[in-house]
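Trainee: Next up is a structure, given as structure tokens.
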Amino acid sequence: MFKTISMIGLGYIGLPTAALFAARGTDVIGVDVSQRVVDTINAGKIHIVEPELDGIVHKAVTGGKLRATTVPEPSDAFVIAVPTPFHADRTPDLSYIESAARMIAPVLAPGNLVILESTSPVGATEQMATWLAAARPDLSFPQDAGEDADVQVAHCPERVLPGQVVRELVDNDRIIGGMTARASEMAVAMYKLVVKGDCVITNARTAEMCKLTENSSRDVAIAFANELSMICDAFDIDVWELISLANRHPRVNILQPGAGVGGHCIAVDPWFIVASAPETATLIRTARERNDSKPGWVLAKGREAMMNVLAAAPERSLKDIKVACLGLAFKPDIDDLRESPALGVVEGFAALGCKVLAVEPHIDALPPSLAGTDTTLVSLEQALEEADVICALVRHTQFAGLRDRLPEGKELIDVVGL
Numbered sequence: 554m555f556k557t558i559s560m561i562g563l564g565y566i567g568l569p570t571a572a573l574f575a576a577r578g579t580d581v582i583g584v585d586v587s588q589r590v591v592d593t594i595n596a597g598k599i600h601i602v603e604p605e606l607d608g609i610v611h612k613a614v615t616g617g618k619l620r621a622t623t624v625p626e627p628s629d630a631f632v633i634a635v636p637t638p639f640h641a642d643r644t645p646d647l648s649y650i651e652s653a654a655r656m657i658a659p660v661l662a663p664g665n666l667v668i669l670e671s672t673s674p675v676g677a678t679e680q681m682a683t684w685l686a687a688a689r690p691d692l693s694f695p696q697d698a699g700e701d702a703d704v705q706v707a708h709c710p711e712r713v714l715p716g717q718v719v720r721e722l723v724d725n726d727r728i729i730g731g732m733t734a735r736a737s738e739m740a741v742a743m744y745k746l747v748v749k750g751d752c753v754i755t756n757a758r759t760a761e762m763c764k765l766t767e768n769s770s771r772d773v774a775i776a777f778a779n780e781l782s783m784i785c786d787a788f789d790i791d792v793w794e795l796i797s798l799a800n801r802h803p804r805v806n807i808l809q810p811g812a813g814v815g816g817h818c819i820a821v822d823p824w825f826i827v828a829s830a831p832e833t834a835t836l837i838r839t840a841r842e843r844n845d846s847k848p849g850w851v852l853a854k855g856r857e858a859m860m861n862v863l864a865a866a867p868e869r870s871l872k873d874i875k876v877a878c879l880g881l882a883f884k885p886d887i888d889d890l891r892e893s894p895a896l897g898v899v900e901g902f903a904a905l906g907c908k909v910l911a912v913e914p915h916i917d918a919l920p921p922s923l924a925g926t927d928t929t930l931v932s933l934e935q936a937l938e939e940a941d942v943i944c945a946l947v948r949h950t951q952f953a954g955l956r957d958r959l960p961e962g963k964e965l966i967d968v969v970g971l
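In this text, residue positions in the sequence shown follow this note's numbering: the first is 554, and each later residue adds one.
Dropping the structure here:
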């Protein structure tokens, strides 16, 4: 049924998914708007950091099962895995999905399956089907023809953890939300080429809401931990010791606080629910606002530490102060900077006019947002030696044992419990 699968979007989800289907013997066409990404993949290399992925991609490409292009081609199934950010007013931006739909529309044919994997607000899959129908009036779609539609449409949200994507794409259960029973049946058959977990069938809207619910639940739990860390700081209580003690209760499982919440999922998805149900999603909104406020709180602690340095050496000025920021990624041991609260803190320090020493072992160059600032990408050793203030923002493995390596006389702000 699925001799050829097209993956639209070759990012952190699309590329691993495409590679795994190819590894199972399916011919996969990867489509991306970036010529650089296409060229990198066709050379058998990867443009992201993800354990095990480089070897899988290299084997799939050299074996002729995976190739990349900027122009969609006919396939049996099309899987859309493009970004779904939000606008300045935090309402969902579906422009990437619309663009992907219009890209594949010319090559659709009867018997095709289109799956939206992008995390989406409720109703996005139906909207995508509407865009497809408008572009291809010669074909029928589920909203008009139901089970008899020429092209079937489903939603199947990704639910993987960066750093463990290859394993989780295979082992995790998948939620299959077809616009019709036929669409769900086709989607299950496709995913079972790769997935060892269960493929659980529901409708498209429930599948969309399921992913939003999963991430919003995490966001609320993290907000509690972050707020607790701010309260404990005021009382001079070690929040990590406190959480460890509280978690000894058999029915308590408090998460770990940090610099905020980042990534394209947890930092974004709750706003989709808030935008759809503003009058009732008050707890979800409050949690999101608390997590969004944490980088500002960390920055305030940094200012306080810099004032301590200046008080001890009044001959110095703010522009002489060096602040080391340990970690720019949104979570440990990855290179992903999307919606990273740590990066926001670094940008905040840079805006103060001090010298910033950024330590991020998973990137080779600073992001564009730090261009034109007095920020330098340095090694951990250089940062520890030169900095007046050290701010631990991400719990990277390379930062383990930091307190034992810390020179005397340094101001330390540790928001991740190193």
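For glycine and all other residues, C-beta sits at the position ideal for the given N, C-alpha and C.
Please state whether the Cβ-Cβ distance between R735 and E700 is less than 7 Å.
Mentor: yes
Trainee: So is R804 buried or exposed if we call it buried at 16+ other beta carbons inside 10 Å?
Mentor: exposed
Trainee: Let me know if W836 comes out buried or exposed under the rule of 16 or more other beta-carbons within 10 Å of its beta-carbon.
Mentor: Note that residue 836 is Leu in the sequence shown here, rather than Trp. Around the beta carbon of L836, a 10 Å sphere encloses fewer than 16 other beta carbons of the protein chains shown; the residue is thus reported as exposed.
Trainee: Check whether the stretch 862 to 880 touches the stretch 903 to 919, counting contact only when three or more Cβ pairs, one atom from each stretch, lie closer than 8 Å.
Mentor: Output reads yes: the stretch 903 to 919 touches the stretch 862 to 880.
Trainee: Taking 8 Å as the cut-off, does the stretch 571 to 578 touch the stretch 609 to 616 (at least 3 CB pairs, one atom from each stretch)?
Mentor: yes
Trainee: Could you name each continuous alpha helix (DSSP H) segment of 4 residues or more that falls completely within the stretch 764 to 813, going from the start of the chain to the end?
Mentor: 792 to 799
Trainee: When the Cα of M554 is compared with those of V741, Q680, G880, which residue comes out closest?
Mentor: V741
Trainee: Report yes if the CB atom of V584 is closer than 7 Å to the CB atom of I566, and no otherwise.
Mentor: no
Trainee: Note down, in chain order, each residue of its chain lying with its Cβ closer than 7 Å to the Cβ of V814, except the 5 sequence neighbours on either side.
Mentor: D772, I775, A820, N844, P894
Trainee: Does the stretch 739 to 756 come into contact with the stretch 635 to 648, if we say contact requires no fewer than three beta-carbon pairs (one atom in each stretch) closer than 8 Å?
Mentor: no
Trainee: Do I807 and N800 have their C-beta atoms closer together than 7 Å?
Mentor: yes
Trainee: Using the three-state DSSP reduction, which class does K556 fall into: helix, strand or coil?
Mentor: The DSSP-derived three-state label of K556 is coil.
Trainee: Looking only at C-alpha atoms, which of V602, V581, S671 sits nearest to P627?
Mentor: Checking every option, the nearest Cα to that of P627 belongs to V581.
Trainee: For E900, count the other beta carbons within 10 Å of its own beta carbon; 16 or more makes it buried, fewer makes it exposed. Which is it?
Mentor: Buried, by the Cβ-count rule.
Trainee: Can you say whether T623 is buried or exposed, counting buried as having 16 or more other CB atoms within 10 angstroms of its CB?
Mentor: Around the beta carbon of T623, a 10 Å sphere encloses fewer than 16 other beta carbons of the protein chains shown; the residue is thus reported as exposed.
Trainee: So who's on the other strand from C944, going by DSSP bridges?
Mentor: C944 is bridged to C878, I966.
Trainee: Roughly how many angstroms separate the alpha carbons of F694 and A630, rounded to a whole number?
Mentor: 14 Å
Trainee: Compute every distance between the C-beta of G811 and the non-hydrogen atoms of the ligand GDP, then say whether any falls below 6 Å.
Mentor: Among the ligands in the structure shown, none appear at all, so the ligand GDP cannot be discussed.
Trainee: Is the beta carbon of Q696 sitting closer than 7 Å to the one on A682?
Mentor: Their beta carbons are under 7 Å apart, which means Q696 touches A682 by this criterion.
Trainee: Sorted by chain position, which residues of the same chain lie with C-beta nearer than 7 Å to V792's C-beta, five sequence neighbours on each side aside?
Mentor: L781, S782, C785, P810
Trainee: Identify every run of the alpha helix (DSSP H) within the stretch 653 to 698, keeping only runs that are complete inside it and at least 4 residues long; order them along the chain.
Mentor: Annotation note: the stretch 653 to 698 contains the following uninterrupted alpha helix (DSSP H) runs of length 4 or greater, listed N- to C-terminal: 677 to 688, 695 to 698.
Trainee: Closest to H817 by C-alpha separation, out of V660, T926, H600, V635, would be which residue?
Mentor: V635
Trainee: With V584 as the anchor, note down where its beta strand (DSSP E) starts and where it stops.
Mentor: 580 to 584
Trainee: Which residue's Cα is closest to the Cα of M860: D886, D941, R841?
Mentor: D941
Trainee: Let me know the secondary structure DSSP gives G730 once reduced to three states.
Mentor: strand
Trainee: Can you tell me where the beta strand (DSSP E) holding I633 begins and where it ends?
Mentor: 630 to 633
Trainee: How would you write the range of the alpha helix (DSSP H) that V821 sits in, first residue to last?
Mentor: Here V821 belongs to no alpha helix (DSSP H), and DSSP marks it neither H nor E.
Trainee: Can you name the start and end residues of the alpha helix (DSSP H) that Q588 belongs to?
Mentor: 588 to 595
Trainee: Less than 7 Å between the beta carbons of H708 and T733, yes or no?
Mentor: no
Trainee: Can you find at least 3 beta carbon pairs, one from the stretch 683 to 691 and one from the stretch 741 to 751, that sit closer than 8 Å?
Mentor: no
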